[in-house]
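Notes for the one structure printed next.
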Amino acid sequence: TPWTESYGASSISYLNLVGIGTNNPTEQLHLAADSAHQILLKRGGASPSEVTFGNEGNTARISNNTNGIDLRTGLTPSSSMRIDRNGKVGIGTENPADTLHIFSDEDGQLRLESADNGAVYQQFYRYNSGISTRISYFGFGGTGDDMSLANEIPGGDILIKTTPSGASAGAEENALQVKEDKSVLVFGDLNVSGVSTFVGNTQFDGPFDSLSVSGNLSIGGTLTYEDVTNIDSVGIITARDGIDCNGDSDV
-13 TPWTESYGAS
-3 SISYLNLVGI
7 GTNNPTEQLH
17 LAADSAHQIL
27 LKRGGASPSE
37 VTFGNEGNTA
47 RISNNTNGID
57 LRTGLTPSSS
67 MRIDRNGKVG
77 IGTENPADTL
87 HIFSDEDGQL
97 RLESADNGAV
107 YQQFYRYNSG
117 ISTRISYFGF
127 GGTGDDMSLA
137 NEIPGGDILI
147 KTTPSGASAG
157 AEENALQVKE
167 DKSVLVFGDL
177 NVSGVSTFVG
187 NTQFDGPFDS
197 LSVSGNLSIG
207 GTLTYEDVTN
217 IDSVGIITAR
227 DGIDCNGDSD
237 V
């Protein structure tokens, strides 16, 4: 015979359904309240701690007042994701060293995939005085084949850096700089193996030892080459306005 034992706003039914705050439990343990409420797991002793599972502001809350939250999965459960006490998130690691730290034994660790052949790219924002402003992005827009890398800060450049062989980490040096006026600085030897076309004026006055061109070099403006050893070209160099070589040239 169906039965229910009621204790004020709580009950236990013949179906082994326990209700706390409700006389009509629908699960084995059913908690209900008209305000924020939670389950508290409290540990005493020499290392006291509290873990709470709650419902507040229409959101599920899991909180811990000591070292963080560890989510474990698998037949032999191991840590899959750790949120430490400082809010750092570790996926595949129990000791996240940054805001998001991903570790994996596999080659691929982060995958970005779009639906319906749409755009896929990474965006970077800077937060200041309550306003988030996008400052950079890279990736593929729409269904196009081109990959874009953009610095959206007015007047900002794009720098590509490398670390010389034998140097320690953190000793990177500028290799290529794309300036805000679209001019490009190369901090090393420039070796061109194919056909290259320069629409504007082209000037080499940096730390180059040589300009080596094994294909054709076509320049729409003036080629200025200063303080260098030589110009060595296996192919054809064409300059519509002229070539100004202050050093030796072998063309």
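For reference, each letter of the sequence shown is one residue, going -13 to 237 in the working numbering. Each residue gets a CB set at the ideal place from its N, CA and C atoms; glycine is no exception. These numbers were taken from a predicted model, which means no experiment stands behind them.
In the structure shown, residue 56 adopts extended strand secondary structure according to DSSP, grouped into three states.
For residue 48, the pairing in a beta bridge is given by DSSP as 39.
Around the Cβ of residue 118, a 10 Å sphere holds fewer than 16 other Cβ atoms; the residue is exposed.
Per the DSSP secondary-structure output, residue 124 pairs in a beta bridge with 108 and 135. Considering only 64, 54 and 90, the residue with the shortest C-alpha distance to residue 74 is 54. Burial of residue 82 is indicated by the presence of at least 16 other C-beta atoms within 10 angstroms of its C-beta. Judged by beta-carbon spacing, residue 68 lies within the 7 Å limit of residue 80, meaning their Cβ atoms are closer than that value. By the neighbour-count definition (other C-beta atoms within 10 Å, threshold 16), residue 151 is an exposed residue. Per DSSP, the unbroken beta strand (DSSP E) holding residue 68 starts and ends at 64 to 70. The residues 75, in chain order, have a CB closer than 7 Å to that of residue 86 in the same chain once the five nearest residues on each side in sequence are set aside. Judged by DSSP secondary structure, residue -10 falls within the beta strand (DSSP E) whose first and last residues are -10 to -7.
Contact check between the region 120 to 129 and the region 152 to 162: fewer than three CB pairs, one atom from each, fall below 8 Å, which does not count as touching. Contact annotation, residue 138 with residue 122: C-beta distance approximately 6 Å; criterion of less than 8 Å satisfied. Setting aside the 5 residues that flank it on each side, residue 135 is surrounded in the same chain by 124, each with a C-beta closer than 6 Å to its C-beta; the list follows chain order.
Counting the other CB atoms within 10 Å of its CB gives residue -3 a total of 16 or more, which places it among the buried residues. For residue 35 and residue 1, the gap between their C-alpha atoms comes out near 34 Å. Apart from sequence neighbours up to five positions away, the residues of its chain that approach residue 96 with a beta-carbon distance below 8 Å are 88, ordered along the chain. Nearest neighbour of residue 59 by Cα position, chosen from 37, 78 and 41, turns out to be 78.
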